[in-house]
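**Q** Note that this note's numbering has the sequence shown beginning at 17, numbered continuously upward.
What follows is a structure written as structure tokens; I'll ask about it next.
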Amino acid sequence: MNEYTRKRQQRGQQQVRQLSIAVTLMTTLMILVFHDYKVAISTSLKLLINPIRFIISTQWLLIIAVSVMSASIGYILGRRQIQVQTNRVQIELICTRVWIQFFRRNPNGNF
């Protein structure tokens, strides 16, 4: 494989990673929006989200949202090579604890 092909492949992989982070963060935002937060969303988006809400309980969706946000934050911090003395798993655990504390303080939360 020549240099040009290798660089193109690396750029493609980087774009896929960035897209996956964006999709997970948007999915998490959607989960939080329909967890009784007073945020205006379009009717078509509500029609898309409401069936998911009835299939999976809100508490499970919040747990999924917490883990996705923590994994995304850990991945972003790990990729940015920030000088920290912890590894990615420890960052994800710290983020998970912070999000759980946030949801516990939320008056509408189920935790």
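In this text, a Cβ means the ideal position worked out from N, Cα and C, and glycines have one as well.
Please classify V82 as buried or exposed, where buried requires at least 16 neighbouring CB atoms within 10 angstroms.
**A** Its Cβ being crowded by 16 or more others within 10 Å, V82 is buried.
**Q** Measuring straight from C-alpha to C-alpha, what distance separates Q29 and N18?
**A** C-alpha separation (whole angstroms): 17 Å.
**Q** Please go through the same chain and pick out, in chain order, the residues whose beta-carbon is closer than 8 Å to the beta-carbon of Q31, but skip the five residues on each side of it.
**A** Answer for Q31: no residue qualifies.
**Q** State the Cα-Cα distance for the pair S36 and Q25, rounded to the nearest angstrom.
**A** Cα to Cα, the separation comes out at about 17 Å.
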